[in-house]
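Right, one structure below, let's go through it.
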Amino acid sequence: MKTRGAWMGLGIVVVGVGATASACTESSSSPTPGTTGTDADIQGDGGGAGTDAATTLDARAPEGGTRADGIVREIVYRQLTHATTAADFPTNVPVISGNGKRIAFAVAPGTQSAATPNRIFVIDADGTNLKQVDSYKTNCFCGSDVAISDDGNTIVSTDSTQVRVVDTAGTLKGSFTLDNNVVTNLALNATGSDVFFINARDSNQTLPSATPRARGTYTMKSNGTGITAILTPQTVAPLVGKTAAEVFPFAGCGTSLAVSSDGTKVFSVVNVLGAQAIIASSGTGTGAALVLGPVTTGDKLVYAVATNQNGSKAAYWTASAAPAGGEIGVMGADGTNKTKLFDIGAGGGCRMPFTMSGDGAKVTLSVMSTVFPTDGSEPWPLLIGTGFFSSDPAFVGSPDGPLSMAADGKTFVYVNSDAVGKQIAIAELDPASVGAAPKVTEPKVSPAEIPHDLSVAATMEARVSGTPIRVGGQVFYKGLLDSNAVHADKVLLPDAGVYVAGGVNASTNATPGPRILRIKAEAKDGSGLRSAHAVDFGPFTIK
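Count along the sequence shown from 1, then add 536; that gives the number in our numbering.
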């Protein structure tokens, strides 16, 4: 028996709890017109989760509380797409609209060939209405990054040389092309009328007209007109005490752009002589101010920035080349009230999404598959491997690929692999129904306290509806996987109407204190689409 770890192979070192375009080569090729229509090889699930009485979740305490049955939260996971060939697997980062109703993603091989273009798709969050909305030949050997408006009606994508805006009917609304692969980080306002992006290096626009474009943060209308620099090196230089030439490149490693829903508040990560800073400004560039950095101590890097819908808060992720020193934190839009949420060391995967909920109450860091409440309360893993047998298939509720959070702070889209390849999946926090997933109820652990000397073993159990492929357990401590110290990564087997696993004990290296346990049941329907239901419950205390 083994457990899929939440951060295996990602190069992240977590040290404790406190209070995406690929490299490309240049080309001057022109884009080809977009095409539309549904791709027959990528299948949606054809229906929503369902709401029949047998699958309705129990009444629960407000989020962050604990019900009388000890359940802290419930999560339902659902596979949405069922791509059958490698040419149709999603690439880069899927995104979800602010209203949580529509997902956009790329299938982007980056071949620089018209025969195998980069394609952009949308799919509703219930798995219906999968549709290709754009298709274009890349001007570099690059994938495509995407963004979607809060209302889900406008999608923008880039292969790092061209920016293309389409609607859900597949109509190309506007586009432009640069002579260099330097476009990073896309954003839209709530209605999709305004587009924001970063041009990391000085370049020249070639289409629809020849225009020099200096490095900086830009905005334009969705029809491709009104391309305007919001921030430039000349704007940033006096804020950081450097010359304009020293503000280069005009982007950090990761999510370097965050924009409020109304487009009036913009946060940009800029590079200043190898150090990074976060600059806040209005949507037109007025009122530019330094709100974080330049970070120069401890070999730290500002990896990412995020903001809430009204732009009143900003979250930041700094990483360090050292084993410790980085952090995830939150601050006011002006840089005040900076609060560290989590200590993090050497980082990997800086291109992974970093998102904040609309109300500013949560931040997600994709590379850790973890949700961080901004009030300083305990973080928790969204995707975490539970006990399984080596012969089991890949599960939808396990960590695999990048994830993004909707503005509601309850809906998450991510990439997950099945037996065929990468698929789009969705996770929902405390939804009204588990849909087709097997339902986990009455989770228990006995005894509820054990010593950390391996002398006492607890038993965990739960009732599970239907016929799950596997029911597995796991434990986390202050938001981190804790299976090396507390051995709850078990397979629960059926026994007299319940699923049970014994042998849950704690090693001498376990830190005394309360834990949260997770029991997750995974299933697959007749068409091969997977779903799962997980319950987190506790406390389970190590003495």
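Glycine residues also receive a C-beta, built at the ideal position from the N, C-alpha and C atoms.
Range of the contiguous beta strand (DSSP E) that encloses residue i
{"i": "Gln1128", "result": "A question about residue 1128 goes unanswered here, because the residues of the chain that appear run from 537 up to 1079."}
{"i": "Ala1070", "result": "1066-1078"}
{"i": "Leu722", "result": "719-724"}
{"i": "Gly710", "result": "708-714"}
{"i": "Ile734", "result": "730-735"}
{"i": "Asn654", "result": "654-660"}
{"i": "Leu828", "result": "825-831"}
{"i": "Thr1091", "result": "In the structure displayed, the chain extends from 537 to 1079; residue 1091 sits before or after that span and is not available."}
{"i": "Lys667", "result": "667-672"}
{"i": "Lys874", "result": "That residue, Lys874, is in no beta strand (DSSP E); it is neither H nor E in DSSP."}
{"i": "Lys1060", "result": "1049-1060"}
{"i": "Leu616", "result": "Segment: none, Leu616 is in no beta strand (DSSP E) and carries neither H nor E."}
{"i": "Gly862", "result": "862-868"}
{"i": "Phe803", "result": "801-808"}
{"i": "Ile763", "result": "Taken as a continuous stretch (DSSP letters only), Ile763 belongs to no beta strand (DSSP E), as it is neither H nor E."}
{"i": "Ala683", "result": "681-684"}
{"i": "Gln741", "result": "739-743"}
{"i": "Phe786", "result": "That residue, Phe786, is in no beta strand (DSSP E); it is neither H nor E in DSSP."}
{"i": "Phe641", "result": "638-643"}
{"i": "Gln698", "result": "698-703"}
{"i": "Asn628", "result": "627-632"}
{"i": "Asp798", "result": "Neither: Asp798 is in no beta strand (DSSP E) and is coded neither H nor E."}
{"i": "Asp687", "result": "From DSSP, Asp687 is part of no beta strand (DSSP E); its letter is neither H nor E."}
{"i": "Thr753", "result": "752-757"}
{"i": "Thr747", "result": "747-749"}
{"i": "Thr843", "result": "836-843"}
{"i": "Ala1037", "result": "1034-1040"}
Proximal residues to residue i (C-beta, below 6 Å), its chain only, five neighbours per side dropped
{"i": "Ser848", "result": "Ala869"}
{"i": "Pro1050", "result": "Pro1075, Thr1077"}
{"i": "Asp944", "result": "Gly636"}
{"i": "Thr779", "result": "Ala773"}
{"i": "Phe1081", "result": "Since the first residue shown for the chain is 537 and the last is 1079, residue 1081 is missing from the structure and cannot be characterised."}
{"i": "Pro967", "result": "Val612"}
{"i": "Arg1054", "result": "Gln1010, Ala1070, Asp1072"}
{"i": "Thr764", "result": "Thr755"}
{"i": "Phe657", "result": "Phe641, Gln668"}
{"i": "Ser902", "result": "Met888, Pro889, Pro938, Leu939"}
{"i": "Gly1062", "result": "none"}
{"i": "Ser565", "result": "The predicted model places Ser565 with a pLDDT of 31, which falls under 50 and marks its position as unreliable; any figure quoted below should be read in that light. Excluding residues within five positions, the ones whose Cβ falls inside 6 Å are Asn675."}
{"i": "Gly891", "result": "Sequence inspection shows Thr at residue 891; the Gly mentioned does not correspond to that position. Result list for Thr891: Ala842, Thr900, Ser940, Met941, in chain order."}
{"i": "Arg999", "result": "Thr977, Glu978, Val1034"}
{"i": "Val932", "result": "Tyr613, Gln615, Asn952, Ala961, Arg1066, Ala1068"}
Expected contact under 8 Å - CB spacing of residue i and residue j to nearest Å
{"i": "Arg751", "j": "Pro785", "result": "7 Å"}
{"i": "Val772", "j": "Ala842", "result": "About 20 Å separates the two Cβ atoms, so there is no contact after all."}
{"i": "Ser758", "j": "Gly777", "result": "The pair is not a contact, with the Cβ atoms about 37 Å apart (cut-off 8 Å)."}
{"i": "Pro917", "j": "Phe1012", "result": "6 Å"}
{"i": "Ala1046", "j": "Ala1024", "result": "Their Cβ separation, rounded to whole angstroms, is 11 Å, which puts Ala1046 and Ala1024 out of contact at 8 Å."}
{"i": "Ala850", "j": "Ala897", "result": "About 14 Å; that fails the 8 Å criterion."}
{"i": "Thr768", "j": "Val731", "result": "About 18 Å; that fails the 8 Å criterion."}
{"i": "Gly923", "j": "Ser934", "result": "Wrong, their Cβ atoms sit about 11 Å apart, outside the cutoff."}
{"i": "Asp686", "j": "Ala736", "result": "No, Asp686 and Ala736 are not in contact; Cβ-Cβ is about 26 Å, not under 8 Å."}
{"i": "Leu837", "j": "Ala855", "result": "5 Å"}
{"i": "Gly799", "j": "Gly819", "result": "4 Å"}
{"i": "Tyr852", "j": "Ile814", "result": "6 Å"}
{"i": "Pro889", "j": "Thr791", "result": "6 Å"}
{"i": "Asn846", "j": "Ser893", "result": "Asn846 to Ser893, Cβ: 12 Å. No contact."}
Own chain residues within Cβ distance below 7 Å of residue i, not counting five before or after
{"i": "Lys874", "result": "Gly865, Met867"}
{"i": "Asp703", "result": "Asn689, Thr690, Lys709"}
{"i": "Gly762", "result": "Met756"}
{"i": "Thr587", "result": "Because the pLDDT of Thr587 is 34, which lies under 50, any placement of that residue in the model is unreliable, and the question is left without a value."}
{"i": "Ser739", "result": "Leu714, Asp715, Asn716, Val718, Arg749"}
{"i": "Pro1004", "result": "Pro974, Ala1057, Glu1058, Ala1059"}
{"i": "Ser1043", "result": "His988, Leu990, Ala1021"}
The alpha helix (DSSP H) enclosing residue i, as first and last residue numbers
{"i": "Leu775", "result": "769-776"}
Close Cβ partners of residue i (< 8 Å) along its chain, the five nearest in sequence each way excluded
{"i": "Pro645", "result": "Ala623, Thr627, Thr652, Asn654, Gly679"}
{"i": "Gly993", "result": "A small correction: the amino acid at residue 993 is Ala; Gly does not occupy that position in the sequence shown. The answer, listed in chain order, is Ile986, Gly1038, Gly1039, Val1040, Asn1041."}
{"i": "Pro567", "result": "Caution is warranted here: a pLDDT of 31 is assigned to Pro567, below 50, making its placement in the model unreliable, and no coordinate value can be reported."}
{"i": "Asn807", "result": "Val783, Phe784, Pro785, Phe786, Ala787, Gly788"}
{"i": "Ile734", "result": "Val719, Thr720, Asn721, Gly752, Thr753, Tyr754, Phe786, Ala787, Ser792, Leu793, Ser804"}
{"i": "Ile639", "result": "Leu616, Pro630, Val631, Ile632, Ser633, Val658, Ile659, Asp660, Ala661, Ile684, Val949, Ile960, Ile962"}
Any chance the segment 967-985 sits against the segment 609-621, with 3 or more Cβ pairs inside 8 Å? yes
What are the start and end residues of each continuous beta strand (DSSP E) run of 3 or more residues lying completely inside the segment 879-903, in chain order? 890-892, 898-901
Taking only runs that begin and end inside the segment 961-1027, name each unbroken alpha helix (DSSP H) of 4 or more residues, in chain order. none
Given 8 Å, three or more beta-carbon pairs between the segment 891-911 and the segment 991-1005: no
What beta strand (DSSP E) runs, 3 residues minimum, are completely inside the segment 904-966? 906-909, 939-941, 947-953, 958-965
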